[in-house]
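Read through the structure below, which is laid out as structure tokens, and then see the notes.
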Amino acid sequence: MGIYPRSIENLIRQFSRLPGIGQKSATRVALHVLRSNREMAESLAKSLIEVKDNIRLCSTCFNLTDDDPCAICRDENRSNGTVCVVEGPEDQLAIEEAAVFKGRYHVLHGVLSPLNGIGPEDLKVGELLGRLEKEGVREIILATNPTTQGDATASFLAKILSERDGSLKITRIALGVPMGGDLKYMDRMTLEHALTSRRPINQ
Ligand SMILES: [Zn+2]
1 MGIYPRSIEN LIRQFSRLPG IGQKSATRVA LHVLRSNREM AESLAKSLIE VKDNIRLCST
61 CFNLTDDDPC AICRDENRSN GTVCVVEGPE DQLAIEEAAV FKGRYHVLHG VLSPLNGIGP
121 EDLKVGELLG RLEKEGVREI ILATNPTTQG DATASFLAKI LSERDGSLKI TRIALGVPMG
181 GDLKYMDRMT LEHALTSRRP INQ
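If you count the sequence shown from 1, position 119 lands on 119 in this note's numbering, and the numbers rise without skipping.
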């Protein structure tokens, strides 16, 4: 039994189920909604329903979209030959926001995790293989995160992609020292990656 009336307690409980929102934040948000006008509450509720009704996965790249194919897959100004493979929609969004990549994407919706029973059939791997020939893909950029599982997923994909198409260029995003970083504060793994990912600059 909480200290607030039942409907407020209920709202706090709903908000506290969201990722990154603890009991205190949930209470703050719930009280904010309570203090706001009815219009704000209605538009919040409408947005929640709308996102559930309208957002689906693009049938080509499996990015979140309200149109299928998504705006990126429809964009004729983007290069067809290069596909950047990411773990989730938020990774795709981060690269897109940086406005540094003009190719296509493929969202895996996870990484391989044998301990959790997640195998290739649980990710959009077959769908990625299916795009190679169909779209005349010449390069695959493996942009899974530099974690144990992300690295294992990238290695697995590199193997099956090269088996499928020997002439395919397969690259991995560079790992190492971040911009503005300081070598003396880097951990051993980061320094090791930075050294093994080194590239010539005087060409
Ligand atoms: Zn798409």
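Cβ coordinates follow ideal geometry from the N, Cα and C atoms, glycine included.
Bear in mind the structure is a predicted one, so any value in this text is a computation, not a measurement.
Could you tell me whether the Cβ atoms of L112 and Q149 are closer together than 8 Å? Here residue 112 refers to the residue found at position 112 of the sequence shown. Here residue 149 refers to the residue found at position 149 of the sequence shown. Cβ distance < 8 Å, so L112 and Q149 count as in contact.
Strand pairing of K169, partner residues [DSSP]: Taking the sequence shown and counting its residues from 1, one reaches residue 169 at position 169. Answer is E139, bridged to K169.
Go ahead and pull the three-state DSSP assignment for L108. By one-based count along the sequence shown, residue 108 stands at place 108. Of the three classes helix, strand and coil, the one that applies to L108 here is coil, per DSSP.
Where do the ends of the beta strand (DSSP E) carrying C84 lie? By 1-based counting over the sequence shown, the position of residue 84 is 84. Here the beta strand (DSSP E) through C84 covers T82 to V86.
Just grab the DSSP bridge partners of R209 for me. Since the first residue shown for the chain is 1 and the last is 203, residue 209 is missing from the structure and cannot be characterised.
Going by Cα to Cα distance, which pick from A194, V29, R172 and P5 is closest to L179? In the sequence shown, the residue the question calls residue 179 occupies position 179. In the sequence as displayed, the identity of residue 179 is Met instead of Leu. It is A194 whose Cα lies nearest to the Cα of M179.
Straight-line Cα distance separating E9 from G176: To locate residue 176, count along the sequence shown from 1; it is residue 176. To locate residue 9, count along the sequence shown from 1; it is residue 9. Near 46 Å, if we compare the C-alpha coordinates of E9 and G176.
Comparing alpha-carbon positions, which option in P114, S7 and R172 lies nearest A30? In the sequence shown, the residue the question calls residue 30 occupies position 30. Selected option, being the one with the closest Cα: S7.
Under a three-way DSSP split, which group does S79 fall into? Translated into positions along the sequence shown, residue 79 becomes position 79. In this structure, S79 counts as coil in the three-state DSSP scheme.
Would you call the segment 47-67 and the segment 106-124 in contact, with 3 or more CB pairs under 8 Å? yes
Contact test: C61 Cβ vs ligand 1 heavy atom, cutoff 7 Å: The count along the sequence shown starts at 1 and reaches residue 61 at position 61. Under cutoff, so the answer is yes.
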